[in-house]
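Here the structure comes first, spelled out in structure tokens, and everything after it is commentary.
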Amino acid sequence: MLSYIFRRIIIAFFLLIGIGIVSFIIIKLPPGDFATRYQAYLLAQGATGDSALHAAQLLRQQYGLDQPIPVQFFSWVKGIVTEGKFGFSMAYRKDVGELIAERLPKTLFLALLCHFISTVLGVGLGIFVAPRKYGFWDNFWAILSFIFTSIPRFSIAIIIMYIVVIDLKGHSINSFFSPEYVIAPWTWGRIVDMFAHIWPVLIIAGLGGVARNLRVMRGNLLDVLGSQYVQTARSKGLRESLVILRHAVPNALHTIVAYQGTVLPYMMQGELEAAIVLGLPTMGPLFYESLVNSDIYISGSLLLMYGALILMGNLLADLFLAVLDPRIRYS
Amino acid sequence: MSNETTKLSATSNIMIIEQEQNESYFQLVWRRFRRSRASIVGGLMVLILMVLAVFADFFSPTSISQIDLQSTFIPPQIVHFIDHDGKFHLFPFVYNYIYTLDPKTFKVYWQEDTSKAYPIKFFISGASYKLLGIVPGNLHLYGVDKPGTIYILGTDKMGRDLWGKSCEAGRISLSMSLFGAIISIVVGSVLGVASGYYGGTIDNILQRFTEFVAAFPNLPLWMALAALVPKTADSFTVFVAMACIFALLSWTTLAREVRGKVLSLRETDFILAAKEMGASDARIIFRHLYPNTLSHVIVILTLTIPGVILAESFLSFLGIGITEPLISWGLLMRNTQDIQTLGQNAWILAPIGFIIAAVLGFNFLGDGLRDAADPYAAM
Chain A
77 MLSYIFRRII IAFFLLIGIG IVSFIIIKLP PGDFATRYQA YLLAQGATGD SALHAAQLLR
137 QQYGLDQPIP VQFFSWVKGI VTEGKFGFSM AYRKDVGELI AERLPKTLFL ALLCHFISTV
197 LGVGLGIFVA PRKYGFWDNF WAILSFIFTS IPRFSIAIII MYIVVIDLKG HSINSFFSPE
257 YVIAPWTWGR IVDMFAHIWP VLIIAGLGGV ARNLRVMRGN LLDVLGSQYV QTARSKGLRE
317 SLVILRHAVP NALHTIVAYQ GTVLPYMMQG ELEAAIVLGL PTMGPLFYES LVNSDIYISG
377 SLLLMYGALI LMGNLLADLF LAVLDPRIRY S
Chain B
880 MSNETTKLSA TSNIMIIEQE QNESYFQLVW RRFRRSRASI VGGLMVLILM VLAVFADFFS
940 PTSISQIDLQ STFIPPQIVH FIDHDGKFHL FPFVYNYIYT LDPKTFKVYW QEDTSKAYPI
1000 KFFISGASYK LLGIVPGNLH LYGVDKPGTI YILGTDKMGR DLWGKSCEAG RISLSMSLFG
1060 AIISIVVGSV LGVASGYYGG TIDNILQRFT EFVAAFPNLP LWMALAALVP KTADSFTVFV
1120 AMACIFALLS WTTLAREVRG KVLSLRETDF ILAAKEMGAS DARIIFRHLY PNTLSHVIVI
1180 LTLTIPGVIL AESFLSFLGI GITEPLISWG LLMRNTQDIQ TLGQNAWILA PIGFIIAAVL
1240 GFNFLGDGLR DAADPYAAM
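For the record, the sequence lines run as chains A and B. Each residue of the first sequence is one higher than the one before, counting from 77 in our numbering. Each residue of the second sequence is one higher than the one before, counting from 880 in our numbering.
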């Protein structure tokens, strides 16, 4: 067991290094180094030629851009690990680490909330429809979940934005709080206000997840319900609800746990898509902005963050499953 | 005794006849596929979208390359049967829109000009075009006489007919997703077969590599790579580059499935027999192994396409995917990003319908094919 956990962590560590290398390649791929682009950026902003050149030189020294690529990669990783420095952002004129520290908690909060809601709802609905196989509600949710996974998420975001802003003449939804609550301490009113702002993201990212969890849970539960020990439980004369909830559901839950590893990326991507369209200040819009402005250190660092988060989610799902299900082979 | 022999020969005759009536694999697949209504509908949806895309010139009442800055943001024209005076017409017609400007707010109001009705004519000649770039023609499915216009989905910022444009956009959206999916199928098949057939170290390395690629967050990496495609590149390069970017991360599922299939087939009698007869690896792989995985490959191909369509439309919508002069469904929706424009011209959301139809169609089709691909399994 311990060696299994240890091995999983080692593999995850190597995958993380791989993701870091790819992110770094993304940073290095555009022609010219970052300093020349910063110089051009300053010139475009109206700086004099001398000062721009000077600033570029300073940057080149500070970040060691004149060194060979492997050395640069090593110092980039070292900066991240030891000082939390991810590189310099042109548009924000500060280190990307600060931007990430500002936005990462919000992103994580949203993604995890979506994840939680979609898991609870999806599993619940799966338990609800499985005993009603091919009945009205089963078909109803089957069709609905097909539609949820087929509509482009960005277009749901547009439609929700349209309804809120144009039809309801609502407040802007591109922030977490109304102005009066931004610096207020946590109260019940503040929580309500926050949900009034973030519900579109929860719906957009969550619905697809609900649909996926529902399909998986339904399939598992149907498999389990066909097994002999369930038949035994029934023939003992147990109530059907007890048979399902006490005997069938716990054995159908394992696959859901294993499946969370693939749901988390889906949530992160849903959050990314929705936040970009709605302009919610999480990592998503920052990522998009940096791609458009080719503010390349942000793009690379955020790519690394997304990769790392998903990797962590997968690792946790694996470890949790190993603890939960002793039948897992540790090889 | 003789009676018995005739009986015996009769039964054997029947057996032979029965054997001749055995259905082929594709007949069985077709029979099972036909049974599921959803997949037939899905297949039809995909087919219709393809026909609309290929013959967009014919289905559009105006020339699809037309840009008319006089007719920007015209709302969808309603097809009438009953005219302004309440009289019923057997043939449908449209009214032209005339616009009035609010002198204070400069807001544009469109109103139907009910003084003259333009009956819709079918198969009329209009703007000339070249079908598939070769066959010249000027026939259009429907249209109205000048100066009437017919924009059933309205027009966009450039005064282009959204219906005709959406049909045309299907060319890029569908062909790119198909192209991207095919590349990913080729990569996935090669790696999957190599991994499953040779096993050992090769298998180990390839499996770790597949795991590594699968661990990547798809959407962020697609976005980052698409943003790296230079803005100045020509259309063809952009098309190929985007297709390759989508293929880059989509092959992992297929590689795993093909590997599993090849692994299970590798030890079967007919493969061992082929080996005993001295068949080369290439012959075994291409003649015996790969054809047996093909049905699964086709299913995954159909299920990969909708993912690519969704990703492509999102990227183009953000302006980091396909760029003009190419046109795709996502790109057509680019103006909806501006909430002001969208608020006044809600109909520019129309291309969503095409995206949803395509994604649903491929999903339904893939689902039906998955059940049909293994016709020997019990339902």
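We treat Cβ as the ideally placed atom computed from N, Cα and C, and that holds for glycine. This structure is a prediction, so every number in the text was calculated from the model and none was measured.
Quick one: grab the DSSP three-state call for residue i.
i, result
"B:F960", "strand"
"A:Y305", "helix"
"B:E902", "coil"
"B:V987", "strand"
"B:L1011", "coil"
"B:L1205", "coil"
"A:G389", "helix"
"A:K104", "helix"
"B:K1000", "strand"
"B:F1259", "Here chain B comprises residues numbered 880 to 1258, so residue 1259 of chain B is not present and cannot be evaluated."
"B:D1016", "According to the sequence as given, residue 1016 of chain B is Gly; it is not Asp. Of the three classes helix, strand and coil, the one that applies to B:G1016 here is strand, per DSSP."
"A:K170", "strand"
"A:G211", "coil"
"B:P1266", "Absent from the model: residue 1266 of chain B. The displayed extent of chain B is 880 to 1258, so no value can be given."
"B:G922", "helix"
Can you tell me the Cβ-Cβ gap for residue i and residue j, rounded? I've got them flagged as a contact below 8 Å.
i, j, result
"A:G284", "A:T225", "5 Å"
"A:L297", "A:G202", "6 Å"
"A:T183", "A:E347", "7 Å"
"A:L391", "A:R84", "6 Å"
"B:D1250", "B:R911", "6 Å"
"A:T95", "B:F1095", "Per the sequence shown, residue 95 of chain A should be read as Ile rather than Thr. Between B:F1095 and A:I95 the Cβ distance is about 7 Å, and since that is below 8 Å, they are a contact."
"B:F1241", "B:P1170", "Not a contact, Cβ separation roughly 24 Å."
"B:V1119", "B:I1188", "Not confirmed; about 17 Å, so no contact."
"A:E349", "A:F230", "5 Å"
Quick one: is residue i near chain B, going by C-beta distance under 8 Å?
i, result
"A:Y114", "no"
"A:F222", "yes"
"A:I101", "no"
"A:E349", "yes"
"A:M270", "no"
"A:P228", "yes"
"A:F164", "no"
"A:M237", "yes"
"A:L290", "no"
"A:I93", "no"
"A:F396", "no"
"A:I242", "yes"
"A:I86", "no"
"A:I97", "no"
"A:S127", "no"
"A:S231", "yes"
"A:S375", "yes"
Please decide whether residue i counts as near chain A, where near means a Cβ-Cβ distance under 8 Å.
i, result
"B:M866", "A query on residue 866 of chain B cannot be resolved here, the shown segment of chain B reaching from 880 to 1258 and no further."
"B:L1189", "yes"
"B:N1242", "yes"
"B:V1065", "no"
"B:G1222", "yes"
"B:F1233", "no"
For a contact meaning CB atoms closer than 8 Å, what does residue i contact in chain B?
i, result
"A:P341", "P1096, N1097"
"A:V172", "Near A:V172 there are no residues of chain B at all, since even the closest Cβ is about 14 Å away, more than 8 Å."
"A:I352", "L1197"
"A:P106", "L1107"
"A:L201", "Here the premise fails: no neighbours, minimum Cβ distance about 20 Å."
"A:L387", "A1094"
"A:L379", "P1096, P1099, L1100, A1103"
Mind pulling the chain A residues with CB within less than 7 Å of residue i?
i, result
"B:T1215", "I234"
List the residues of chain B whose Cβ lies closer than 7 Å to the Cβ of residue i, in chain order.
i, result
"A:Q148", "Ordered by position in chain B, no residue passes the 7 Å Cβ test against A:Q148, which lies about 18 Å from the chain."
"A:Y382", "P1096, P1099"
Starting from the beta carbon of residue i, find every residue of chain B whose beta carbon is closer than 9 Å, and list them in chain order.
i, result
"A:Q345", "P1096, N1097, L1098, P1099"
"A:K363", "Here the sequence assigns Phe to residue 363 of chain A, which means Lys is not the residue at that position. Near A:F363 (Cβ distances below 9 Å), the residues of chain B are P1099, M1102, A1103."
"A:V368", "A1106, L1197, G1198, I1199"
So residue i contacts chain A; which residues on that side make the cut at Cβ distance below 8 Å?
i, result
"B:F1319", "Examination of residue 1319 of chain B is not possible in this model, given that chain B is present from 880 through 1258 alone."
"B:S1195", "Those within 8 Å of B:S1195 in chain A number zero; the least Cβ separation is about 11 Å."
Review point. Three or more C-beta pairs closer than 8 Å, one from the region 1044-1056 of chain B and one from the region 1221-1233 of chain B: is that the case here?
Key: Taking 8 Å as the limit for Cβ pairs, the verdict is that the region 1221-1233 of chain B does touch the region 1044-1056 of chain B.
Review point. Would you call the region 1131-1142 of chain B and the region 1063-1078 of chain B touching, i.e. three or more CB-CB distances under 8 Å?
Key: Segments in contact, yes.
Check your understanding: Would you call the region 1198-1205 of chain B and the region 1114-1129 of chain B touching, i.e. three or more CB-CB distances under 8 Å?
Key -> Yes: at least three Cβ pairs fall under 8 Å.
Exercise for review: Evaluate the contact criterion for the region 373-380 of chain A versus the region 1100-1108 of chain B: three or more CB pairs, one atom per stretch, below 8 Å.
Suggested key: In this structure the region 373-380 of chain A touches the region 1100-1108 of chain B; the number of beta carbon pairs closer than 8 Å is three or more.
**Study point:** Three or more C-beta pairs below 8 Å linking the region 237-246 of chain A and the region 1211-1227 of chain B
**Key:** Yes, the region 237-246 of chain A is in contact with the region 1211-1227 of chain B.
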